[in-house]
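Here the structure comes first, spelled out in structure tokens, and everything after it is commentary.
In my numbering, the protein residues as written are 250 to 495.
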């Protein structure tokens with residue numbers, strides 16, 4: 250398509266449903282790795298990345314099934330059975346790295362393909378790895394994968410991010426929910442999608458304070474349970490329609 254021609258001059262009116270935010274949905278789906286119970290997510294956007302995350306989670310033993318005809322509500326459930334995230338799936342979506350924290354927290358190990366051909370130490374993933382290392386994880390390169398181990402489990406730590414990385418904030422929070430002890434994450438990203446993730450984790454039994462602020466404190470628990478959570482609306486889509494109707 251070369252162009253879109255719009256003939257304006259008529260005021261818009263009516264109601265429209267806003268899709269859930271993709272950047273909230275993906276870490277929320279990764280949270281399904283933290284429990285054997287069922288996690289139900291509503292207001293799920295219908296996007297390719299959602300299909301990719303569904304496929305990735307299935308590799309780990311988590312079935313993701315629609316509970317409505319349109320696929321706007323998803324049910325996640327199953328037993329974690331595999332800690333390897335393969336390249337052919339991870340290459341499709343950088344957000345695949347978000348399974349790293351949950352896998353390390355639940356299984357004490359993970360093998361995740363480096364997204365987009367990144368090297369260990371490269372900016373896209375270095376903050377994720379350094380944060381988890383402060384919690385006791387050890388990582389090494391292994392044939393295009395990052396291989397992580399924490400045989401004694403993850404332990405709470407005080408982590409100060411050099412800049413407010415959204416992905417690193419999410420991965421550390423996900424991992425810290427099941428770590429032994431208290432994790433304090435300073436200079437955390439403050440996007441509404443992170444608040445949404447924390448709200449869902451709290452509904453699953455996580456103990457998190459400082460939600461929405463720059464310093465988030467997570468007191469690790471032994472186990473999380475299932476929950477039902479409505480994904481926050483996409484703020485870009487919301488703003489677009491608001492501008493059109495102004």
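Note that the Cβ used here is the ideal one computed from N, Cα and C, for glycine as well.
Under the 8 Å Cβ criterion, the segment 387-397 does not count as touching the segment 315-326, having fewer than three qualifying pairs.
As computed with DSSP, residue 336 is found in no beta bridge at all. For residue 387, the enclosing beta strand (DSSP E) begins and ends at 387-391.
In this structure the segment 324-334 does not touch the segment 255-264; the number of beta carbon pairs closer than 8 Å is below three. The beta carbons of residue 474 and residue 291 sit no closer together than 8 Å.
The DSSP-derived three-state label of residue 324 is strand. Per DSSP, the unbroken beta strand (DSSP E) holding residue 456 starts and ends at 456-458.
For residue 279, no beta strand (DSSP E) segment is defined; the enclosing uninterrupted segment is the alpha helix (DSSP H) at 271-279. Between residue 346 and residue 402 the beta-carbon gap is near 21 Å, outside 8 Å, which marks them as no contact. Between residue 304 and residue 338, the alpha-carbon positions lie close to 8 Å from each other. Under the three-pair Cβ rule at 8 Å, the segment 459-475 counts as touching the segment 436-449.
Per the coordinates, the alpha-carbon of residue 410 lies some 18 Å from the alpha-carbon of residue 387. Taking 8 Å as the cut-off, the Cβ atoms of residue 273 and residue 423 do not count as close. With contacts defined as CB atoms closer than 8 Å, residue 467 and residue 407 fail to qualify as a contacting pair. About 17 Å separates the CB atoms of residue 405 and residue 454; that is not less than 8 Å, and the two are not in contact.
Between residue 482 and residue 341, the alpha-carbon positions lie close to 24 Å from each other.
In summary, residue 472 is exposed, with fewer than 16 beta-carbon neighbours lying within 10 Å of its beta-carbon over all protein chains present. Under the DSSP assignment, residue 466 falls in the beta strand (DSSP E) whose first and last residues are 464-468. Under the three-state reduction of DSSP, residue 308 is assigned to helix.
Counting along the chain, no beta strand (DSSP E) covers residue 489; the unbroken alpha helix (DSSP H) around it starts and ends at 484-494.
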